[in-house]
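Each residue of the sequence shown is one higher than the last, beginning at 1358 in the working numbering.
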Amino acid sequence: MATHQSRHPSVAAELEGTLLISGDLFPYFLLVALEAGGPLRAAVLLAVYPFVALLGAALSDDDLAVCVMTFVATVGLAIADVAAVAKATLPRFFLGDLRDTAFRAFARHGAGEMYVVTRLPTVMVEPFVREYVAEGARVVGTELRVVGRRFTGAAVASPGVAVGGDRSLGALVAVLGRGRVIDVGLCSGDGAAKRKPAFMQICQERHVVYTPEKAPATPLPRSEYPRPLIFHDGRLVIRPDPLACLAVVLWLPFGVVLAVTRILIAFLPYSVSLLLAAATGFQIRAHLDAPPERRQRGTLYACNHRTLLDPAVLSTVVHRKVTAVTYSLSGLSELISPIPTVRLTRDRGRDRVIMQSVLARGDLAVCPEGTTCREPYLLRFSPLFAEIAGEVTPVAVHAAAAIFHGTTVRGHKWMDSFFFLMNPAPWYHVQLLAPVPSSSYAGDGGGGGESSRDVANRVQRAIGDALGFECTALTRRDKYRMIAGHDGVDMRGNARL
1358 MATHQSRHPS
1368 VAAELEGTLL
1378 ISGDLFPYFL
1388 LVALEAGGPL
1398 RAAVLLAVYP
1408 FVALLGAALS
1418 DDDLAVCVMT
1428 FVATVGLAIA
1438 DVAAVAKATL
1448 PRFFLGDLRD
1458 TAFRAFARHG
1468 AGEMYVVTRL
1478 PTVMVEPFVR
1488 EYVAEGARVV
1498 GTELRVVGRR
1508 FTGAAVASPG
1518 VAVGGDRSLG
1528 ALVAVLGRGR
1538 VIDVGLCSGD
1548 GAAKRKPAFM
1558 QICQERHVVY
1568 TPEKAPATPL
1578 PRSEYPRPLI
1588 FHDGRLVIRP
1598 DPLACLAVVL
1608 WLPFGVVLAV
1618 TRILIAFLPY
1628 SVSLLLAAAT
1638 GFQIRAHLDA
1648 PPERRQRGTL
1658 YACNHRTLLD
1668 PAVLSTVVHR
1678 KVTAVTYSLS
1688 GLSELISPIP
1698 TVRLTRDRGR
1708 DRVIMQSVLA
1718 RGDLAVCPEG
1728 TTCREPYLLR
1738 FSPLFAEIAG
1748 EVTPVAVHAA
1758 AAIFHGTTVR
1768 GHKWMDSFFF
1778 LMNPAPWYHV
1788 QLLAPVPSSS
1798 YAGDGGGGGE
1808 SSRDVANRVQ
1818 RAIGDALGFE
1828 CTALTRRDKY
1838 RMIAGHDGVD
1848 MRGNARL
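Shown next as structure tokens:
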């Protein structure tokens, strides 16, 4: 056994403050409270946090605030809801704070037993650690009591909790068994004099990860993630630190008024709406690869999909009504849409006829990805659009905002456009690329040698090159399976965007 350990030493590292740059746990509890519990629970957590933090500081009890936050964020929540947030929402925020030096030091010991020690509930951390840190690593965190299929908010007592008077040390001893030790322990040199993780007491070697003096700790670059982050969920763009959450709460009344104003502006003439939208902070920039006079009515636009507003913004850019096709759209979204919308049936033959009839009367915008993607990736393009016109105009769309995401999987999708428009300064960049001929088009009874799949892939690559996004073969179904655990189809057979 000793020989095995000498070849593959075991390693343990604390999550907060070591693997993660920040030791603040409030943002992760807030995300669980908001996404799994709702705005009211998140507001309660935000209200009680300052008091328990001050009380914990006065009593020199680091765990008091964690215990209260755990209770408020999880009590009464279904296990499945918390697990879904841990899988779909938390990893993006964990990755954004993952310390590059600590991650590399931890990864060097990947051949041996690996332990990540945290004061967070295990259920909140396991998906991130196993998918983005080390597949075989074991998370040693707080285990929560369960009644039925819901959390009580209280921790399960562990036989090792009393060891050294520290919960993290006791939990690790309970996992390892008494008498066993860890070969290598990792902790951060930032503020290490103030608080050293107690589990380091049972580590034979203690390695301190230092940040260069007078230089901020740097997160792991996106290009070095163990696996790419393509899909994630949740409404908040910003990391929900206490002050950031307070700012969001204070902004909400203004954001609601701003969103309604921007929706009304969209119904005005295009030249006026562009100016007024800019006056409200909504930036729309457009670039045309071909002169506008070459673009005639009956143009088929194929856009990558960032938010529900993509076709509406495109219509504003080309200064004429563009009909958008969708598989499912809420009644409210159809009501507030400044452009015509047409529902498809998910029957390939019928949908081809519907789109060709719309295109015969005017411009048509399709989003062949079938769903939105927030990250710099393009999902596989469904080839149906390449079968309804002789040429396709690719449209490269990029959009972003600072506070709220304008898309969701598990939330209320009818609020998507509202949330995007509630941001102080959302922006859209729209680039109309050179038309791509579709040799697969058989509208004249003929047909070309190139398949519709080839045309779709060519349009995807053109948009990906223009945006600098990576093209993938992932689909809407893959997105919903990874985030929500289903195929993204509701009880009536409608696909969710």
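Ideal Cβ positions, reconstructed from N, Cα and C, are used throughout, including at glycine.
Every value quoted in this text rests on a predicted model; they were computed, and no experiment measured them.
With C-beta atoms as the reference, is residue i less than 9 Å away from residue j?
| i | j | result |
| --- | --- | --- |
| G1727 | L1736 | yes |
| V1812 | Y1658 | no |
| R1767 | E1500 | no |
| T1764 | R1731 | yes |
| T1326 | A1722 | In the structure as shown, the chain starts at 1358 and stops at 1854, and residue 1326 therefore has no counterpart that could be examined. |
| S1685 | R1700 | yes |
| A1681 | T1702 | no |
| A1756 | A1782 | no |
| A1346 | T1458 | Past the edges of the chain, shown from 1358 to 1854, lies residue 1346, and the structure says nothing about it. |
| L1789 | A1634 | no |
| V1432 | F1508 | yes |
| T1729 | L1665 | yes |
| V1442 | G1591 | yes |
Mapping DSSP to helix, strand and coil, what is residue i?
| i | result |
| --- | --- |
| I1641 | strand |
| G1804 | For G1804, the predicted model reports a pLDDT of 47, less than 50, meaning its position is unreliable and no value from the coordinates is stated. |
| P1583 | coil |
| L1939 | Here the chain comprises residues numbered 1358 to 1854, so residue 1939 is not present and cannot be evaluated. |
| E1726 | coil |
| M1779 | coil |
| A1574 | coil |
| Y1658 | strand |
| A1555 | helix |
| G1517 | Any answer about G1517 is weak, because its pLDDT of 39 lies below 50 and its placement is not dependable; what the coordinates show is given next. Reduced to three states, the DSSP call for G1517 is coil. |
| T1673 | helix |
| G1522 | Confidence at G1522 is low in this model, with a pLDDT of 42, below 50, so the placement of that residue is unreliable and no value is reported for it. |
| A1858 | Since the displayed the chain opens at 1358 and closes at 1854, residue 1858 lies outside it and no answer follows. |
| A1549 | With a pLDDT of 42 at A1549, under the threshold of 50, the predicted position of this residue should be treated as unreliable, and no value is reported. |
| D1720 | strand |
| T1375 | helix |
| Y1472 | strand |
| V1538 | coil |
| R1700 | strand |
| T1683 | strand |
| S1417 | coil |
Any idea if residue i is buried or exposed, counting beta-carbon neighbours within 10 angstroms, 16 or more meaning buried?
| i | result |
| --- | --- |
| G1374 | buried |
| L1823 | A quick correction: the sequence has Ala, not Leu, at residue 1823. Flag for A1823 reads buried. |
| I1840 | buried |
| G1638 | exposed |
| K1678 | exposed |
| F1463 | buried |
| R1301 | Only positions 1358 to 1854 of the chain appear in the structure, and residue 1301 is not among them; the question remains open. |
| H1769 | exposed |
| H1676 | exposed |
| S1545 | buried |
| V1908 | The question about residue 1908 has no answer here: the residues shown for the chain are numbered 1358 through 1854. |
| R1461 | exposed |
| H1762 | buried |
| E1691 | exposed |
| H1466 | buried |
| V1629 | exposed |
Identify which residue in the options has its Cα closest to the Cα of residue i.
| i | options | result |
| --- | --- | --- |
| A1390 | D1811, A1435, T1458, A1756 | A1435 |
| S1809 | F1775, A1823, P1794, A1462 | P1794 |
| D1598 | V1723, V1368, L1387, G1542 | L1387 |
| L1787 | T1698, L1692, T1702, N1661 | First, the residue type needs correcting, since residue 1787 is Val and not Leu in the sequence shown. Comparing Cα positions, the closest option is N1661. |
| V1401 | T1427, I1378, A1415 | T1427 |
| T1683 | F1742, A1643, A1634, P1733 | F1742 |
| L1778 | A1601, V1486, W1608 | W1608 |
| P1626 | V1503, I1696, T1509 | I1696 |
| S1714 | P1554, L1377, A1746 | A1746 |
| G1542 | A1791, N1814, A1555 | A1555 |
| V1429 | A1830, R1596, G1394 | G1394 |
| A1669 | A1636, L1615, P1396, S1694 | S1694 |
| C1560 | V1486, A1491, R1537 | R1537 |
| V1396 | V1425, L1477, L1593, T1829 | Before going on, a small fix: residue 1396 reads as Pro here, not Val. Per the Cα distances, L1593. |
| R1579 | M1481, S1379, Y1489, T1618 | Y1489 |
| L1376 | G1453, L1411, P1366, L1416 | G1453 |
Pull the bridge partners of residue i from the DSSP assignment, please.
| i | result |
| --- | --- |
| L1543 | A1370, H1564 |
| P1794 | E1748 |
| F1761 | L1593 |
| C1828 | L1735 |
| R1507 | A1435, V1504 |
| P1478 | T1499 |
| M1457 | Contrary to the premise, residue 1457 reads as Asp rather than Met in this sequence. Its beta-bridge partners do not exist; DSSP assigns none. |
| H1786 | R1642, H1755 |
| A1512 | L1501 |
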